[in-house]
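Reminder that position 58 of the sequence shown reads as 45 in this note's numbering, one-by-one numbering, no gaps.
Built from N, CA and C at the ideal position, the CB exists for glycine as well.
Everything on this sheet refers to the single structure shown next.
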Amino acid sequence: MEFQDLNKDMVVFSYHVSPNFGMEGDDGGFLLELRGNGNLKFVAYRLFDEIKTMKIFKLDREETKEIFELLKGSEHIWRQIPEKLDNHLNDGPGNINEFIFLNGKKVQAHNIRKTWLPGEALRGGPYYKRFRKVMKYENQVMHIFEGIARVLKKKEIHLTLEHCRIRERYKVKITWIDKTKQQSRI
């Protein structure tokens, strides 16, 4: 696939984060999805996939191409990453992190994080021996994610694993708020 082949139906990049557990109505994370035509969809959720807010933004052709080229150039890496990554770090509330690269490759991780592998190797132990491949794959995903975040930051879009902030001036199409779920004030 080449950049000129992209269209509005193709996902260039998608990131979805949601908590491992919680109560109905709690913060349910967010989705950020870049389409081939530069449309950038942001959705904030309440738990159990209720949409709290949906906004559509527009990236310039240059930013969309830069993200596409980053993913195309690292395809030989992310194609090798398993679809499910679990580092078994369950130290309290955590998140499910889901990444989609170039219209197809999906990677789902639990509590993904960057690991300094030489330090883990020095510490050794059963955890390193058992999960060194998972840590390597997580580092690869994080490297790609951070590269995409750097491109988005040029457009004043601040993306981390836990948060996404976008300047309203880039909004182009719709804002949808489910007012039926809001409490009325009397």
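Nearest residue (CA-CA) to residue 178, options -11, 3 and 38: Residue 178 lies beyond the residue range present for the chain, which begins at -12 and ends at 173; the question has no answer from this structure.
Neighbourhood of residue 61 by C-beta, 6 Å cutoff - its chain only, sequence neighbours within 5 removed: 131
Could you give the uninterrupted runs of the beta strand (DSSP E) lying entirely in the segment 61 to 113, keeping only those of 3 residues or more? 71 to 73, 82 to 88 and 92 to 97
By Cβ distance, which residues of its chain are closer than 7 Å to residue 172, with the 5 residues on each side in sequence left out? For residue 172, the predicted structure reports a pLDDT of 45, less than 50, and the residue's modelled location is therefore unreliable. The matter cannot be settled from this model.
To the nearest angstrom, report how far apart residue 48 and residue 99 are at their CA atoms. 30 Å
DSSP beta-bridge partners for residue 21? 0 and 27
Go through its chain and collect everything with a Cβ distance to residue 102's Cβ below 7 Å, but skip five positions before and after it. 122, 125 and 126
Run through the DSSP bridge pairs and tell me what residue 33 is partnered with. 14 and 37
Roughly how many whole angstroms lie between the Cα atoms of residue 14 and residue 81? 13 Å
Within a Cβ cutoff of 6 Å, which residues of the same chain sit near residue 145, ignoring the five residues on either side of it in sequence? 152
Classify residue -7 as helix, strand or coil using the three-state DSSP reduction. coil
For the pair the segment 88 to 95 and the segment 50 to 70, tell me if three or more CB-CB distances fall below 8 Å. yes
Could you compute how far the alpha carbon of residue 40 sits from the alpha carbon of residue 85? 19 Å
Name the one or two DSSP bridge partners that residue 152 has. 145
Cα-Cα, which of 26, 37, 32 and 109 is closest to residue 45? 26
Supposed contact pair residue 76 and residue 0 - C-beta distance, whole angstroms, cut 8 Å: About 25 Å separates the two Cβ atoms, so there is no contact after all.
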